[in-house]
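S.K.:
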Amino acid sequence: LAATRNVDLVKLGAEITAKEVRASGIRYNFSPVLDAGRQPLWPRLAETFGEDIYLVTQMGLSSIKGYEGNSLKDINHVAACMKHFIGYSYPASGKDRSSAIIPEIMLREYFLPSFKAAIDAGTRTVMINSAEVNGEPIHASKYLLTTLLRNELGFKGVIISDWQDVKKLFERHRVAASYKEAVYQSVNAGIDLCIVPMDLDFSKYLIELIKEKRISEERINASVRRVLKLKFEVGLFKQPFVEEESFKNFGVAAYKQTALDAATESITLLKNKDGILPLAKNKKILVTGPAAKSLTTLHGAWSYSWQGTNTNYFSKDLKNIYQATQTKNSNVLYQQATDFTNKDLGIDKAVEMAKDADYIVVCLGEDAYAETPGNIDNLDLPLIQQQLVQALSKTNKPIIAVFTQGRPRVIRDIEPLLSGVVMAYWPGSEGGNAIADILFGDANPSGKLPITYPRYASTFATYDHKWLDEVFEQAEPQIFSYSFNPQYQFGDGLSYTTFTTSAISLSSDTLTNNKPITIKVKVSNTGKMAGKETVEVYSSDLVASITPSVKRLRKFQKVLLASGETKELVFTITVKDLAFVNKDLKMVTEKGEFDILIGKEKKRIFYNN
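Last residue of the sequence shown: number 622 in the numbering used here, and the count goes up by one each step with no gaps.
Next comes the structure, spelled out in structure tokens:
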């Protein structure tokens, strides 16, 4: 969804989710994920809104507004849960539920703002990080849960553990000598609810700790009040059963269109050599690869089941990529060729069939997974999938690769062999139809990468890296080249039409505490097809007391333009927008010069505090 850059569409999706969750008799949804996805190996990357904390914040707030609305008591809304506080998405190893080393200055700069914004918006609950940061398990951290979350950020809602994670203070983290001691540590740290699906020992030990006066009744009463308040807010004391009038909100036909819109707007065209896309509908096409006939890779994690791999729950009218392409073109061939687990299921046969085709659509990526089962040691696209592309390339037929995946699997060695690259992520139930619409030009791609797509499996850098991270190479004495060279950059995404930005104007070149700067920019569709374009505004701090990032995303807007149409967009930059966390762990904006970057244009402004 972050790839859509469409906050209204994200809000609509959350509204629909809330209605169907409520119609199922549930008043509480464990969403949204507000973790910043800055570790591409992490198997929960697909659940985030990307690597940029501003993007995560805006998309997260839209989700929360959609879930909670203006009242939790009506049949259209549910309580939201911001998660996972904090630092969960940046494990050093890339493995789920493993340790992170995040200096507090970095934690506050790149991970905290989304949670602060959600708290300020009134979000009722928070789920906490299963793992640990700087050697301290979050479930046992009084500093993070009470001092920071409650006292500094002012969170007044319910703090809930993640799955079995209190017990893991004893079993995995080894900071508690027993399960009972783990209960003491977690309650003392500040949790209100504990997910304990396997036994009732948590309650037993909690009662013992109260009787021993290690935990006071006053402490328990504080949590009870918060939980009861939430139950009152969602109307459980007025109507604890399924609300029959909510049934009308389940399975509404219009929801299917929203699912298609979300999938379509997220799909990101990363390469279109010689305008190979969209494909002609009267040509012969081979559709091949492990994702071509897979519904699970379209849905991804948590779809009907934990891992998203139980197809028995899937609707019978859903179309995979191969089936969806058949609705556009009657001359479509199919050969699976490989699976997701490095098995050759007929690469040679696929090559033979490709010789008789005009185009090859090879469907690659990852099958569905969630959490720890999705751990990998290497970000490279599996070797068998690369071998399939290499074999197909020998036919000299144009190859369009469609990637359905939760992470950016490295394609450096095969990318030169591809005429087209389509990043579809895990696009959901209507993903097959959305991909076919994009491939054949019935929809115009408008997605933008919410992550940096790495070129190498061992080199990860986000777009907002430091200047020093642009490692230089010395070719000759006094000749230097600087290198930030991902496969594709954050914000990349092509269209079948062309756009230009022009007439960028600022209300002033001086920013003050009382007077924000208004930015106006004209965006034009100079091509022959209607399309949506996202205009992004970045800032670059020229000099700061803490080494500044090369650039930071500050604002974005998505706009629909007919062929030949021009619209003017307006953005506002405030002092707060340019702030960063200083060495004293305070959010500040320092006096000095900043560049405002829009497309290829740059405007210099000055802030005088």
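The beta carbon of each residue, even a glycine, is placed where N, CA and C say it ideally should be.
All values derive from a computational prediction rather than experimental measurement.
Within the chosen definition, does the segment 421-432 reach the segment 61-72 through at least 3 CB pairs nearer than 8 Å?
M.R.: Too few Cβ pairs lie closer than 8 Å, so no.
S.K.: Based on the DSSP output, what are the partners of S552 in its beta bridges?
M.R.: Residue mapping note: residue 552 aligns to position 539 of the sequence shown, counting from 1. Answer is R565, I609, bridged to S552.
S.K.: Could you check whether the segment 119-133 touches the segment 89-102, counting it as contact only if at least three pairs of C-beta atoms, one from each stretch, sit closer than 8 Å?
M.R.: yes
S.K.: Here's the rule I'm using: 16 or more other beta-carbon atoms within 10 Å means buried, otherwise exposed. How should Q52 be labelled?
M.R.: Within the sequence shown, residue 52 is the residue found at index 39, counting from 1. Buried.
S.K.: May I ask you to report which of helix, strand or coil DSSP gives M140?
M.R.: As a position in the sequence shown, residue 140 is number 127, starting the count at 1. Strand at M140.
S.K.: Would DSSP call I228 helix, strand or coil?
M.R.: Taking the first residue of the sequence shown as position 1, residue 228 is located at position 215. The answer is coil: DSSP assigns I228 none of H, G, I, E or B.
S.K.: If you follow the alpha helix (DSSP H) that E614 is in, where does it begin and where does it stop?
M.R.: The sequence position of residue 614 within the sequence shown is 601, counting from 1. E614 -> not in any alpha helix (DSSP H); beta strand (DSSP E) instead, spanning 614-620.
S.K.: Am I right that Y326 and K306 are in contact with their C-beta atoms under 8 Å? What's the rounded C-beta distance?
M.R.: Within the sequence shown, residue 326 is the residue found at index 313, counting from 1. Within the sequence shown, residue 306 is the residue found at index 293, counting from 1. Incorrect: roughly 18 Å between the Cβ atoms, too far for contact.
S.K.: Around the Cβ of Q348, are there at least 16 other Cβ atoms within 10 angstroms (buried) or fewer (exposed)?
M.R.: Numbered from its first residue, the sequence shown carries residue 348 at position 335. Buried.
S.K.: For P150, which residues does DSSP report across the bridge?
M.R.: Sequence index remark: in the sequence shown, residue 150 carries index 137 (1-based). Note: P150 sits in a beta bridge opposite E145.
S.K.: Mapping the DSSP letters down to three states, classify H312 as helix, strand or coil.
M.R.: In the sequence shown, the residue the question calls residue 312 occupies position 299. Of the three classes helix, strand and coil, the one that applies to H312 here is helix, per DSSP.
S.K.: Nearest-angstrom Cα distance between I298 and N344?
M.R.: Position 285 of the sequence shown, counted from the start, is the residue given in the question as residue 298. Position 331 of the sequence shown, counted from the start, is the residue given in the question as residue 344. The straight-line gap from Cα to Cα measures roughly 7 Å.
S.K.: E546 by DSSP, collapsed to three states: which one?
M.R.: Taking the sequence shown and counting its residues from 1, one reaches residue 546 at position 533. Reduced to three states, the DSSP call for E546 is strand.
S.K.: Please say whether D590 and R567 have beta carbons closer to each other than 7 Å?
M.R.: Within the sequence shown, the letter at position 554 stands for residue 567. Within the sequence shown, the letter at position 577 stands for residue 590. Closer than 7 Å, so yes.
S.K.: Alpha carbon to alpha carbon, what distance is there between V550 and L610?
M.R.: Within the sequence shown, residue 610 is the residue found at index 597, counting from 1. Within the sequence shown, residue 550 is the residue found at index 537, counting from 1. Taking the straight line joining both Cα atoms gives about 6 Å.
S.K.: Shortest alpha-carbon distance to I289 belongs to which of A337, E278, I373?
M.R.: In the sequence shown, residue 289 corresponds to position 276, counting from 1. Between I289 and the set A337, E278, I373, the nearest pair of CA atoms involves I373.
S.K.: Contact check, V375 vs L401 under 8 Å by CB: the rounded distance?
M.R.: The residue labelled residue 375 in the question sits at position 362 within the sequence shown. The residue labelled residue 401 in the question sits at position 388 within the sequence shown. About 7 Å separates the two Cβ atoms, so the contact holds.
S.K.: Am I right that N89 and N333 are in contact with their C-beta atoms under 8 Å? What's the rounded C-beta distance?
M.R.: As a working mapping, residue 89 is identified with position 76 in the sequence shown. As a working mapping, residue 333 is identified with position 320 in the sequence shown. 32 Å between Cβ atoms; not a contact.
S.K.: Does M211 pass the burial test, meaning 16 or more other C-beta atoms within 10 Å, or should it be called exposed?
M.R.: Sequence index remark: in the sequence shown, residue 211 carries index 198 (1-based). Exposed, because fewer than 16 other Cβ atoms sit within 10 Å of the Cβ of M211.
S.K.: In its own chain, which residues sit with a C-beta less than 6 Å from the C-beta of V139, not counting the 5 before and 5 after it?
M.R.: Residue numbering aside, residue 139 sits at position 126 when the sequence shown is read from its first letter. These residues qualify, in order along the chain: M95, F98, I172.
S.K.: Can you name, in chain order, every residue of its own chain whose Cβ lies under 8 Å from the Cβ of K294, other than the five neighbours on each side?
M.R.: Translated into the one-based positions of the sequence shown, residue 294 becomes position 281. Residues K341, N342, F453 of the same chain have their beta carbon placed closer than 8 Å to that of K294, with the five preceding and five following residues left out of the count.
S.K.: My guess is that V536 and V548 are in contact by the Cβ rule of under 8 Å, so how many angstroms apart are they, rounded?
M.R.: The residue you call residue 536 lines up with position 523 of the sequence shown. The residue you call residue 548 lines up with position 535 of the sequence shown. Confirmed, about 6 Å.
S.K.: Go through its chain and collect everything with a Cβ distance to P411's Cβ below 6 Å, but skip five positions before and after it.
M.R.: As a working mapping, residue 411 is identified with position 398 in the sequence shown. Taken in chain order, the residues that qualify are I289, Y372, S432.
S.K.: Please classify K407 as buried or exposed, where buried requires at least 16 other C-beta atoms within 10 Å of its C-beta.
M.R.: Counting from 1 along the sequence shown, the entry for residue 407 is found at position 394. Result: exposed.
S.K.: Note down the Cα distance separating L157 from E194, rounded to an integer number of angstroms.
M.R.: For this step, residue 157 is matched to residue 144 along the sequence shown. For this step, residue 194 is matched to residue 181 along the sequence shown. The straight-line gap from Cα to Cα measures roughly 19 Å.
S.K.: Can you give the beta carbon distance from D505 to L462, rounded, assuming they're within the 8 Å contact cut?
M.R.: Counting from 1 along the sequence shown, the entry for residue 505 is found at position 492. Counting from 1 along the sequence shown, the entry for residue 462 is found at position 449. Their Cβ separation, rounded to whole angstroms, is 5 Å, which keeps D505 and L462 in contact under 8 Å.
S.K.: For Y67, which of G50, Y80, E81, P56 has the nearest alpha-carbon?
M.R.: Start at 1 with the first residue of the sequence shown, and residue 67 comes out as number 54. For the residues G50, Y80, E81, P56, the minimum Cα distance to Y67 belongs to G50.
S.K.: Quick test of the definition: if touching needs 3 or more C-beta pairs under 8 Å, does the segment 273-284 touch the segment 435-443?
M.R.: yes
S.K.: So T310 packs on A381, CB below 8 Å; how close in whole Å?
M.R.: For the purposes of this step, residue 310 is taken as residue 297 along the sequence shown, with counting starting at 1. For the purposes of this step, residue 381 is taken as residue 368 along the sequence shown, with counting starting at 1. At roughly 6 Å, the Cβ-Cβ gap stays under 8 Å, so T310 and A381 are in contact.
S.K.: Which residues bound the beta strand (DSSP E) around Y347?
M.R.: Here residue 347 corresponds to residue number 334 of the sequence shown, with the count starting at 1. Counting along the chain, the beta strand (DSSP E) containing Y347 begins and ends at 345-348.
S.K.: Excluding five sequence neighbours on each side, which residues of the same chain lie with their C-beta closer than 7 Å to the C-beta of D352?
M.R.: Numbered from 1 along the sequence shown, position 339 holds the residue referred to as residue 352. P303, L358.
S.K.: Under DSSP, the beta strand (DSSP E) around Y372 begins and ends at which residues?
M.R.: Position 359 of the sequence shown, counting from 1, holds the residue named residue 372. Going by DSSP, Y372 is part of the beta strand (DSSP E) stretching over 372-378.
S.K.: Mind checking whether G460 and T417 have CB atoms under 7 Å apart?
M.R.: On the sequence shown, residue 460 is found 447 positions in, with the first residue counted as 1. On the sequence shown, residue 417 is found 404 positions in, with the first residue counted as 1. It is not a contact, given that the beta carbons lie outside the stated cut-off.
S.K.: Does the beta-carbon distance from S558 to D608 come in below 7 Å?
M.R.: On the sequence shown, residue 558 is found 545 positions in, with the first residue counted as 1. On the sequence shown, residue 608 is found 595 positions in, with the first residue counted as 1. No. Outside cutoff.
S.K.: To which residues does DSSP link Y501 through a beta bridge?
M.R.: Here residue 501 corresponds to residue number 488 of the sequence shown, with the count starting at 1. Answer is Y466.
S.K.: Per the DSSP calculation, G321 is bridged to which residue(s)?
M.R.: Start at 1 with the first residue of the sequence shown, and residue 321 comes out as number 308. According to DSSP, G321 bridges with nothing at all.
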